[in-house]
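Trainee: The structure is given below, and queries will be raised subsequently.
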């Protein structure tokens, strides 16, 4: 699975969690065994945990030596005489289990001969009466009955020696109860540490993924950005990464724990009673069938769900950003219906998945409760026959619940994993996308003048440049050639859709040319580092995008090395100083996200100031004056001409008045240059330019055109 690979960098934490899970599982599996011992030994056997007495009378010792099948003399070697009492020595302590087997039958005989075993006769008679008609009864019941009789005699032997059985029983219960408390505390500490490590690891994975996705998206060219919608990228950066984070935590806490506790439960069941193992096998088979059916129904829906989340985010984003337009055209009803369609489709898919997976918990509960009832029914008969003790039955039920619970854990986690796997695929799709615009293998080093790259002068040259999109049949722009020298202004004008903005976007390599070359001081921009190239460019886009923060933060967005004097001078040139100082907090005035707290013209002026503050030798203005009034436009252009005499300026504009004083004007039509020259020259030589001018200006006597 794709999710698992995200755990590889955190292998140390995973291994530590795995070790802690083993400790937790050991403690968890030990609790039912301790419970069984407390019930069987501590309560029913009065705290006597071994058939072989740790001390006995001489008459009892003589009977054991005579009656036991002990050719190696283990009994004689295990007890030391202390007057008329024989006490178990260290050798006997080491071989206590073997002594239990040797002494069981002789002690049972003594119990029967002395009348101690009379209370077991009813059980034995019942077992014998039932064994004739029930083939399930085996010799195990005989062995268990004999053992209980031997334990009864051992208890009577202690009483005969004057030992306090109550103290022995209480001591055993306190000792085993203390063990249970210690084991439970250890299990709790392990669970706490596992939760802490899993949560930290999951959070680190999510952090790293967000950084990877963010850095990758920042490296995308327009080609890659066009492939993924903004809504989809937001979903992948938030919801999808959250799904991966949650699944990694579940993998560490539950998926790793389930097989450990399940296998351990099987081992403990085998030690407790193999005759009822078929119940576990039946329950596991039923659980697996349920999981397979549910997953067959829900897996395809998980992939659909993520696509529907993208659609809902897209609809929400469009509606929230377009509220003024929606209200202006009274399209609230239509947009509500469109949102309802996206929201309803997601809701129906989520309901289907939720309802389908909702069957899992009650069905698993039925299976677990049914198994418990079946175990009690079968085990109660074995208890009645004497082949199983009550504590063992309790332990068997607990272990069975653990085994089935481990499968239930896997089933519950597997509800999350398919969706997380889809989310991981979507994240990998972004991170694995190759960026089409990258640095050259051996980039040309940028020569800098004293004071840094921004202090230099730069000549920009277009040499038969052409560009077409990947899926387009024709070039957007073709055979564009011109030279923009330092200290000059080159303007680009043309009808809508003629390729003006596309041409400008080729300079900072937002797109790469598909024909010809663009050079800066004779160096092909594709042979330069992207960081070097873009350090030479100050860019004011068509849409003046601002970021949340202060006005000062936005103007100094181009670099931390921009001084306050440069920032203020840039604002003055961009004609933004007046409205900035009119704000209550001046340059410290907060700007809302997207710049919605300022007007369109103010937003454009701040965007121009941001480009100027970089002091870059090449300035690109992509229709950045469109929201300015004519007076501000003229004043701004006059200030640019006076203050930026050494810069290479390229302006894309729709207004003839904005570009009338440019040193050269390129007229584009259908992606080709149909005219090049000054304003006066083009009025005489270029019909397309003359048509544009006629539509905007009533007189071209040179005065109006030369305003500013």
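Numbering (my numbering), first residue to last: 743 to 1450. All C-beta atoms in this analysis are idealised placements derived from N, C-alpha and C, irrespective of residue type, glycine included.
Under DSSP, the alpha helix (DSSP H) around residue 1181 begins and ends at which residues?
Mentor: Locating residue 1181 in the chain shown gives position 439, counting from the first residue. For residue 1181, no alpha helix (DSSP H) encloses it, and the DSSP letter there is neither H nor E.
Trainee: Taking Cβ positions, are residue 1109 and residue 1029 nearer each other than 9 Å?
Mentor: Indexing the chain shown from 1 puts residue 1109 at position 367. Indexing the chain shown from 1 puts residue 1029 at position 287. Contact: yes.
Trainee: For chain C, check one thing: does any of its Cβ atoms lie closer than 9 Å to the Cβ of residue 1163?
Mentor: Among the protein chains of the structure shown there is no chain C, as only one such chain exists.
Trainee: Among 1066, 1386, 1103 and 1391, whose alpha-carbon lies nearest the alpha-carbon of residue 1364?
Mentor: Along the chain shown, read from residue 1 onward, the residue named residue 1364 stands at position 622. Ranking the options by Cα distance to residue 1364, first place goes to 1391.
Trainee: At which residues does the alpha helix (DSSP H) containing residue 761 begin and terminate?
Mentor: Locating residue 761 in the chain shown gives position 19, counting from the first residue. 753-779 is the span of the alpha helix (DSSP H), which, as asked, contains residue 761.
Trainee: Of the residues 1318, 1080 and 1410, which one's Cα is nearest the Cα of residue 1378?
Mentor: Start at 1 with the first residue of the chain shown, and residue 1378 comes out as number 636. When each option's Cα is compared against that of residue 1378, the closest is 1318.
Trainee: By how many angstroms is the C-alpha of residue 1011 removed from the C-alpha of residue 862?
Mentor: Within the chain shown, residue 862 is the residue found at index 120, counting from 1. Within the chain shown, residue 1011 is the residue found at index 269, counting from 1. Note that residue 862 has pLDDT 47, beneath the 50 cutoff, so the model's placement of it is unreliable and the number below is only indicative. Going by the C-alpha atoms only, they are around 27 Å apart.
Trainee: If you scan the region 1183-1263 from start to end, which runs of the beta strand (DSSP E) of 3 or more residues do you find wholly inside it?
Mentor: Runs found: 1202-1209, 1219-1226, 1231-1235 and 1257-1262.
Trainee: For residue 1421 and residue 1375, what's the separation of their Cα atoms in angstroms?
Mentor: Here residue 1421 is taken as the residue at index 679 of the chain shown, counted from 1. Here residue 1375 is taken as the residue at index 633 of the chain shown, counted from 1. Computed Cα separation, rounded: 17 Å.
Trainee: Could you check how far apart the C-beta atoms of residue 713 and residue 1287 are, in whole angstroms? I think they sit under 8 Å.
Mentor: The chain is shown from 743 up to 1450; residue 713 falls before or after that span and cannot be answered.
Trainee: In whole angstroms, give me the CA-to-CA distance for residue 1227 and residue 1389.
Mentor: Looking up residue 1227 in the chain shown gives position 485. Looking up residue 1389 in the chain shown gives position 647. One C-alpha to the other measures close to 8 Å.
Trainee: According to DSSP, is residue 1101 part of a helix, a strand, or is it coil?
Mentor: On the chain shown, residue 1101 is found 359 positions in, with the first residue counted as 1. The answer is coil: DSSP assigns residue 1101 none of H, G, I, E or B.
Trainee: Between which two residues does the alpha helix (DSSP H) holding residue 844 run?
Mentor: Against the chain shown, residue 844 aligns to sequence position 102. Element bounds for residue 844: 838-856.
Trainee: In angstroms with no decimal places, state the Cα-to-Cα distance between residue 1073 and residue 1081.
Mentor: Position 331 of the chain shown holds residue 1073. Position 339 of the chain shown holds residue 1081. Whole-angstrom Cα-Cα distance: 12 Å.
Trainee: Pick from 1225, 1184 and 990: whose alpha carbon is nearest that of residue 940?
Mentor: Locating residue 940 in the chain shown gives position 198, where the first residue counts as 1. Among 1225, 1184 and 990, the Cα nearest to that of residue 940 is on 990.
Trainee: Tell me the start and end of each unbroken alpha helix (DSSP H) in the region 1275-1360 that is at least 4 residues and wholly inside, in chain order.
Mentor: Entirely contained in the region 1275-1360, the alpha helix (DSSP H) runs reaching 4 residues are, in chain order, 1293-1297, 1306-1315, 1319-1323 and 1342-1355.
Trainee: Determine the DSSP secondary structure at residue 1503, reduced to helix, strand or coil.
Mentor: Residue 1503 is absent from the structure shown; the chain starts at 743 and stops at 1450.
Trainee: Three or more beta-carbon pairs under 8 Å between the region 1324-1331 and the region 1358-1372, yes or no?
Mentor: no
Trainee: By Cβ distance below 6 Å, which residues in the same chain neighbour residue 1431 in space, the five residues on each side in sequence not counted?
Mentor: One-based indexing of the chain shown puts residue 1431 at position 689. Counting only Cβ-Cβ distances below 6 Å, and skipping sequence neighbours, we find 1409, 1417 and 1424.
Trainee: Less than 9 Å between the beta carbons of residue 1053 and residue 1165, yes or no?
Mentor: Within the chain shown, residue 1053 is the residue found at index 311, counting from 1. Within the chain shown, residue 1165 is the residue found at index 423, counting from 1. Contact flag unset, no.
Trainee: Under DSSP, the beta strand (DSSP E) around residue 1408 begins and ends at which residues?
Mentor: For the purposes of this step, residue 1408 is identified with residue 666 of the chain shown, where counting begins at 1. Residues 1406-1411.
Trainee: Apart from the five residues just before and just after residue 1400, which ones in its own chain have a Cβ nearer than 8 Å to its Cβ?
Mentor: For this step, residue 1400 is matched to residue 658 along the chain shown. Contacts found: 1233, 1367, 1375, 1379 and 1393.
Trainee: Taking 9 Å as the threshold (C-beta atoms), are residue 844 and residue 1456 in contact?
Mentor: With the chain running from 743 to 1450 in the structure shown, residue 1456 is simply not present.
Trainee: Which whole-angstrom value is the C-beta distance of residue 1170 and residue 744, which I expect to be below 8 Å?
Mentor: Residue numbering aside, residue 1170 sits at position 428 when the chain shown is read from its first letter. Residue numbering aside, residue 744 sits at position 2 when the chain shown is read from its first letter. Indeed, because the Cβ distance is near 6 Å, the residues count as touching under 8 Å.
Trainee: Can you list, in chain order, the stretches of the alpha helix (DSSP H) that have 4 or more residues and sit fully within the region 1015-1084?
Mentor: 1019-1063 and 1065-1070
Trainee: So, under 8 Å CB-CB, residue 1301 and residue 1356 are touching, yes? Tell me the CB distance rounded to an integer number of Å.
Mentor: Along the chain shown, one-based indexing puts residue 1301 at 559. Along the chain shown, one-based indexing puts residue 1356 at 614. Rounded, the Cβ-Cβ distance is 7 Å, consistent with contact.
Trainee: Just the C-alpha distance for residue 1179 and residue 1229, rounded to the nearest angstrom, thanks.
Mentor: Position 437 of the chain shown, counted from the start, is the residue given in the question as residue 1179. Position 487 of the chain shown, counted from the start, is the residue given in the question as residue 1229. C-alpha separation (whole angstroms): 30 Å.
Trainee: Are the region 1303-1320 and the region 1240-1247 touching, with three or more C-beta to C-beta distances below 8 Å?
Mentor: no
Trainee: Have a look at 1134, 912 and 756 and flag the residue whose alpha-carbon is nearest the alpha-carbon of residue 937.
Mentor: Here residue 937 refers to the residue found at position 195 of the chain shown. It is 756 whose Cα lies nearest to the Cα of residue 937.
Trainee: Closest by CA to residue 995, which one among 749, 1310, 1267 and 1062?
Mentor: Counted from its first residue, the chain shown places residue 995 at position 253. Here the closest residue by C-alpha is 749.
Trainee: Which residue from 1250, 947, 899 and 929 puts its Cα closest to that of residue 1280?
Mentor: Your numbering for residue 1280 matches position 538 in the chain shown. Distance from the Cα of residue 1280 is smallest, within the candidate group 1250, 947, 899 and 929, for 1250.
Trainee: Have a look at residue 1172 and residue 968 and give me their C-alpha separation to the nearest angstrom.
Mentor: If you number the chain shown from 1, residue 1172 lands on position 430. If you number the chain shown from 1, residue 968 lands on position 226. The straight-line gap from Cα to Cα measures roughly 12 Å.
Trainee: Just list the residues that DSSP pairs residue 822 with in beta bridges.
Mentor: Along the chain shown, one-based indexing puts residue 822 at 80. BP columns for residue 822 point to 829.
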